Amino acid sequence: LAHVHIEQETFIRFCLLKAKYERECHRRESLQKKLLELEKELQNRQCQSILLGQLQTDVERLHIAFNALEAENNQLTAQLSLVQNSCPSSVRLSSQLEKFRHELAQTCHESLC
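Per my numbering, the sequence shown starts with residue 122, numbered consecutively.
Here's what the structure looks like:
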């Protein structure tokens, strides 16, 4: 009778250990899935970080280009003022320069948008 009781206790321990093992296996699988999700999210964030860096570089280049265009626009405006002051009869040239200045300003504005 004691022998049967020991076998029952052993069987119960075995069942409990098996249930614990299965729970741990399930927990491990869940953790592995979560780890894969986190690794994928990390990769996405790294890609976003790279893209953000590229965008920042592009914005810096656009600012440099805009500053150069703005300087050229200011120079053309100064030249236009000189031409208008020294040759008031050159209305045609003045309107052409004004048109070019307007186009240049429009290009500067579009490059910032």
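In this text, a Cβ means the ideal position worked out from N, Cα and C, and glycines have one as well. Note that the structure is a prediction, hence the values are computed from the model and not measured.
query, result
"Cβ separation of R222 and L197, assumed to be a contact under 8 Å, to the nearest whole Å", "5 Å"
"8 Å contact criterion, which E219 and L201 should meet: CB distance rounded", "7 Å"
"Every unbroken alpha helix (DSSP H) inside the region 163 to 191 [4 residues or more]", "none"
"Check whether A186 and S232 have beta carbons under 8 Å apart", "yes"
"Through-space distance from S170 to Q164, alpha-carbon basis", "10 Å"
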